[in-house]
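Each remark here refers to the structure printed beneath this line.
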Amino acid sequence: MVEKNLDFRSDTVTKPTPEMWKAIANAPIGDDVYREDPTVNKLEHIAAEILGKEAGLFVTSGTQGNAVSVLAHTERGDEIILEARSHIYLNEVGGLAVMGSLMARTIKGELGWLKPEDIKTAIRRDNIHYPPTSLLCVENTHNSAGGIPLTPEQLKADWNVAKDYDLGVHMDGARVFNAAVALGVDVKELTQYADTVQICLSKGLSAPIGSMVVGTEELVDRARKYRKMLGGGMRQAGIIAAPGIIALTKMVDRLADDHENAKLLEEGLKRIEGIKILNPVRTNMVYIDIAGLGWTGLEWGEACGKLGWRSRGYGTTVRLCTHYGIEREDIVSFLEGITKLVPMV
């Protein structure tokens, strides 16, 4: 029986499955800094194998995973290329500047995708006045673009440009399994076009904590040292790694349910006058504008609260995420309720 979780704010609000709770209680443990936690070691091996990389590293969060990956690729004073609305650039507290002394060169993408010709233009030529470009960051799925999955063809095109100019490539793949499920491809078809990948266990995959970094042995070793520097060296971490194993091995295929529920939500919201769908709905996110209702995001949240749901908006923009704990019948019930609450426009 799935525990109900009527919360649209994010897929980070997922609750562990019953099997995860049992795994937490029974996990073999050791000291992870000494590489002696058998459950963490197993999780790192599984993640690397599934994503087609040499090595894996368990980290506390997606932000930490992106930080140690970027640091592993770069030297102080380097410049990195990112999409202008990428999570690393907008939502990670300026860590690339604070921790890495790095410059950010941003490019406006097309539904989150960086066009190869724009990447070429952004790469600095060798000149005494310029910081060297060393890294390209891509995001898949792209959150701010609406949970858009980038295809293998798009990723390959960007990878080819990066390698032509000897750049590293890091993928913020917090929701890369959503991308793979939506596109109907093995996740390796996406991750092969990145030297390092960060994936979140604690979003749609429903683990209570943690992310993974995978890549070459050399880059993961560098990332591991930066993890320690940032206070991420963990001890008996098997108790939080155990649900991550279940997340990777048993929770991927059910992401398709979240995508179907998001489409159902989109179709229902389309029929409400005053609500505008902002982005193509391809995974588990529906972005809407409620200006036509005459509501603010706060008022939207209050209306949802009357129906027993949690939701929020910024200005008149609202992101609705579907996830484990929300079933099809819940979406149907929500749409019936919100239709009755919206003002006549």
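Every letter in the sequence shown is one number past the one before it in my numbering, and letter 183, counting from 1, is 188.
Even for Gly, the Cβ is constructed at its ideal location relative to N, Cα and C.
Among E222, R287, S338, L283, which one has its Cα closest to the Cα of K311? For the purposes of this step, residue 311 is taken as the residue at position 306 of the sequence shown. The candidate whose alpha carbon is nearest that of K311 is S338.
Residues of its chain near L95, where Cβ-Cβ distance is below 8 Å and the 5 sequence neighbours each way are ignored: Along the sequence shown, one-based indexing puts residue 95 at 90. Excluding positions up to five away in sequence, the list reads S149.
Mapping DSSP to helix, strand and coil, what is D294? As a position in the sequence shown, residue 294 is number 289, starting the count at 1. Strand.
Considering only DSSP beta bridges, list what G173 is partnered with. Start at 1 with the first residue of the sequence shown, and residue 173 comes out as number 168. According to DSSP, G173 bridges with L140.
How far does the beta strand (DSSP E) with G61 in it reach, from first residue to last? Numbered from its first residue, the sequence shown carries residue 61 at position 56. Where G61 is concerned, the enclosing beta strand (DSSP E) stretches over 60-64.
Assigned exposure category for C246 - 16 Cβ within 10 Å defines buried: Locating residue 246 in the sequence shown gives position 241, where the first residue counts as 1. According to the sequence as given, residue 246 is Ala; it is not Cys. It counts as buried.
In its own chain, which residues sit with a C-beta less than 6 Å from the C-beta of G173, not counting the 5 before and 5 after it? Counted from its first residue, the sequence shown places residue 173 at position 168. Result list for G173: H78, L140, D200, in chain order.
Closest to M290 by C-alpha separation, out of A308, V323, I85, would be which residue? As a working mapping, residue 290 is identified with position 285 in the sequence shown. Comparing Cα positions, the closest option is V323.
Please state whether DSSP places S74 in a helix, a strand or coil. As a working note, residue 74 is residue 69 in the sequence shown. Correct three-state label for S74: helix.
Exposed or buried, which one is S74 when buried takes at least 16 other CB atoms within 10 Å? On the sequence shown, residue 74 is found 69 positions in, with the first residue counted as 1. Counting Cβ neighbours within 10 Å, S74 comes out buried, since at least 16 surround it.
Hey, does R333 have any beta-carbon neighbour from chain D nearer than 8 Å? No chain D is part of this structure, which consists of one protein chain only.
Does the stretch 263-277 come close enough to the stretch 324-331 to have 3 or more Cβ pairs within less than 8 Å? Judged by pairs of C-beta atoms under 8 Å, the stretch 263-277 touches the stretch 324-331, as three or more such pairs exist.
Mark E355 as exposed unless 16 or more other C-beta atoms lie within 10 angstroms of its C-beta, in which case mark it buried. The shown model of the chain, from 6 to 350, leaves out residue 355, and the question about it has no answer.
Can you have a look at A30 and say buried or exposed, based on whether 16 or more other CB atoms are within 10 angstroms of its CB? Residue numbering aside, residue 30 sits at position 25 when the sequence shown is read from its first letter. So A30 counts as exposed.
I need the straight-line Cα distance from G313 to L11, nearest angstrom please. To locate residue 313, count along the sequence shown from 1; it is residue 308. To locate residue 11, count along the sequence shown from 1; it is residue 6. Each residue's alpha carbon lies about 7 Å from the other.
Exposed or buried, which one is N145 when buried takes at least 16 other CB atoms within 10 Å? By one-based count along the sequence shown, residue 145 stands at place 140. That one is buried.
Mind listing, in chain order, the continuous alpha helix (DSSP H) runs of no fewer than 4 residues lying wholly within the stretch 254-306? Runs of the alpha helix (DSSP H) inside the stretch 254-306: 260-275.
Answer with buried or exposed for E158, where buried requires no fewer than 16 other C-beta atoms within 10 angstroms of its C-beta. Translated into the one-based positions of the sequence shown, residue 158 becomes position 153. That one is exposed.
Report yes if the C-beta distance between D4 and R240 is below 8 Å; otherwise report no. Absent from the model: residue 4. The displayed extent of the chain is 6 to 350, so no value can be given.
Alpha carbons only, please: which of R40, T138, N183, G57 is nearest the one belonging to D258? Working through the sequence shown from its first residue, we reach residue 258 at position 253. When each option's Cα is compared against that of D258, the closest is N183.
Backbone CA spacing between S15 and H134 [nearest angstrom]: The residue given as residue 15 occupies position 10 in the sequence shown. The residue given as residue 134 occupies position 129 in the sequence shown. Spanning the two alpha carbons is a distance of roughly 43 Å.
Where does M176 land, buried or exposed, given buried means 16+ other C-beta within 10 angstroms? The residue you call residue 176 lines up with position 171 of the sequence shown. M176 should be labelled buried.
In whole angstroms, what separates the C-alpha of L101 from that of T288? By one-based count along the sequence shown, residue 101 stands at place 96. By one-based count along the sequence shown, residue 288 stands at place 283. The straight-line gap from Cα to Cα measures roughly 28 Å.
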